[in-house]
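According to numbering that gives the first Met the number 0, the residues represented by the sequence shown are 0 to 306, in order.
Think of the CB as a built atom: it goes at the ideal place given N, C-alpha and C, for glycine as much as any other residue.
Remarks on the structure that follows.
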Amino acid sequence: MDAPTGGGSAADPLAAADPTPPGAAPGPARRVLAVFARNRLAVTGMAVLLGLLALCYLGPLLHPTDQVHTDLSQASLPPGSPGHLLGTTDLGYDMLGRLMYGGQTSLEVGLAAGLLATLFGTVYGAVAGYFGGWVDAAMMRVTDAALAIPALFLLVVVAAIVTPSKPVLILIIASVAWLSPARLIRGEALALRSRDYVHAMRLMGGGGGRAVFRHILPGAVGTVIVNATFQIADAILYVAYLSFLGLSIPPPAADWGSMLSAGITYTQVGHWWLIFPPGLAIVLVVAAFNFVGDGLRDAFDVRLQKS
């Protein structure tokens with residue numbers, strides 16, 4: 000009888016490369032990814048986002064167009080015209096190139112404004128929820144007063160006062176979008192500040208800054224990530240709102256909202272290709288971010304991770 004080989008030399012190399020011991024529970028990151036992957040809408044939303052990013056940033060390399068100089072001899076060509084897959088605008092810009100060029104502005108402003116609003120609102124809400132008392136009361140009254148004013152009204156007023164540009168639009172949208180994450184994270188902080196590890200940190204002499212940034216915020220990271228996706232979707236809609244009202248970045252720059260605003264004039268003469276592509280792009284990107292947010296919310300749910 001052959002002696003058994005020792006040391007497990009015949010083991011599967013793939014199993015050997017796996018850092019997770021046999022029979023051990025998968026790590027938190029794997030559990031989150033596993034739950035996220037089970038949500039088909041979330042996976043579809045992620046695929047749509049990646050596709051739109053590729054279209055807007057890699058597409059111009061494959062389909063270069065002039066989006067600065069007008070060419071009235073090529074104005075209002077229908078889709079399928081030679082060299083213009085989606086037709087041209089009333090000023091002769093290639094519609095596909097305009098869609099990619101405008102998508103860069105919409106996505107950059109939306110992403111930056113959504114992330115900035117989430118960052119500021121998260122810190123603001125965590126400070127208010129952790130310290131409580133008069134600090135919480137004063138900070139939340141400021142939030143309540145700002146929420147009482149319609150966000151779109153504030154955006155229009157501020158955008159009408161200043162000259163819109165990418166940095167300005169980011170600051171304008173973030174200045175009204177931080178209110179919702181602030182209230183949300185404040186509720187998380189009220190619950191987390193009563194945890195035993197926070198009390199232990201206090202007894203060891205830890206200050207409020209350490210409690211907020213080392214314990215409260217890491218404990219609410221799942222909520223922050225999920226909320227960030229919804230804030231980005233809302234910010235992209237805000238960009239479209241302002242642009243549709245004529246408060247967008249001055250030409251020749253473009254975004255999907257300004258393309259809708261410019262194309263709506265020509266719908267009565269049948270130039271549907273001026274509004275359908277940017278409108279569809281806005282719907283797709285907002286829906287995709289919402290689907291991804293729903294998937295992340297499920298992924299960070301501990302009950303679903305155990306199922």
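- Task: Output the distance between the C-alpha atoms of residue 293 and residue 152, rounded to the nearest integer angstrom.
- Result: In a straight line, the C-alpha of residue 293 is about 28 Å away from that of residue 152.
- Item | Nonlocal neighbours in the same chain, by C-beta distance under 8 Å from residue 35, ignoring five residues either side | 41, 42, 294, 295, 297 and 298
- Between the CA atoms of residue 145 and residue 175 - distance to the nearest angstrom: 8 Å
- Curious, which full-length alpha helix (DSSP H) runs of at least 4 residues does the region 177-224 contain? 178-191, 195-202 and 207-210
- Tell me whether residue 87 sits in a helix, a strand or coil according to DSSP, three-state version. strand
- Three-way DSSP call (helix, strand, coil) for residue 80 in this model: strand
- Could you name the residues of the same chain whose beta carbon sits closer than 8 Å to that of residue 51, not counting the 5 residues immediately before and after it, in chain order? 102, 106, 280, 283, 284 and 287
- Exposed or buried, what is residue 214 when buried is set at 16 or more other beta-carbons lying within 10 Å of its beta-carbon? buried
- Task: Could you say if the region 215-226 and the region 154-170 meet the contact criterion of at least three C-beta pairs nearer than 8 Å?
- Result: no
- Query: How is residue 65 classed by DSSP in three states: helix, strand or coil?
  - Reply: coil
- Message: Along the chain, where does the alpha helix (DSSP H) containing residue 315 start, and where does it finish?
- Response: Any question about residue 315 goes unanswered here, given that the chain covers just 0 to 306.
- Go to residue 98, then tell me how far its alpha helix (DSSP H) extends in each direction, as first and last residue. 94-130
- Item | Backbone secondary structure at residue 238 - three-state DSSP | helix
- Query: Near residue 224, what residues of its chain come up, given a Cβ to Cβ distance below 7 Å and the 5 sequence neighbours on each side ignored?
  - Reply: In chain order, 295 place their CB closer than 7 Å to the CB of residue 224, counting only its own chain and leaving out the 5 sequence neighbours on each side.
- Simplified DSSP assignment, three categories, for residue 33: helix
- State the CB to CB distance for the pair residue 62 and residue 110, rounded to an integer number of angstroms; the pair is presumed to be in contact (CB under 8 Å). So it is not a contact: roughly 23 Å between Cβ atoms.
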